[in-house]
């Protein structure tokens, strides 16, 4: 949406004002900074005493704005968020669902056969090793 606005305003904005290199962008940003702000070297400009002054009043508490939330409100909020997230999901088509289910069933069947075969081999090996087979 913002790209559309930028394209609409493209005629009003002159490309000559835009910096073309990283150095030019850094220079433009540095020139737009207030004089009293700290730079990269940690030096501060003139009149930087505001950070050491106190506000003169305590920060207002949040008691009046938000109290304890009831359990039912928490559950309701949770369910609303679940529904909102489920709306974002891209659900598979029936064809892809059937395909994925078939692939999973075949893979599980192959793995069950493999584990059963290894189990039989180990049982025979243990029987041979200890003489009860």
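Numbering (the working numbering), first residue to last: 17 to 149. All C-beta atoms in this analysis are idealised placements derived from N, C-alpha and C, irrespective of residue type, glycine included.
Asked                                                                                                   : Found
Residue range of the unbroken alpha helix (DSSP H) whose run includes residue 91                        : 87-104
Three-state secondary structure assigned by DSSP to residue 143                                         : helix
Own chain residues within Cβ distance below 7 Å of residue 111, not counting five before or after       : none
Rounded C-alpha distance that separates residue 86 from residue 106                                     : 33 Å
Unbroken alpha helix (DSSP H) run spanning residue 73, endpoints                                        : Looking at the DSSP string, residue 73 is not in any alpha helix (DSSP H), and its letter there is neither H nor E.
Nearest-angstrom Cα separation, counted from residue 142 out to residue 129                             : 20 Å
Sequence-distant residues of its chain with Cβ nearer than 8 Å to residue 108 (five each side left out) : 116
Continuous alpha helix (DSSP H) stretch holding residue 48: start and end                               : 38-48
Helix, strand or coil at residue 63 [DSSP, three-state]                                                 : No answer about residue 63 holds up, because its pLDDT of 49 lies below 50 and its placement is not dependable.
For residue 148, three-class secondary structure by DSSP                                                : coil
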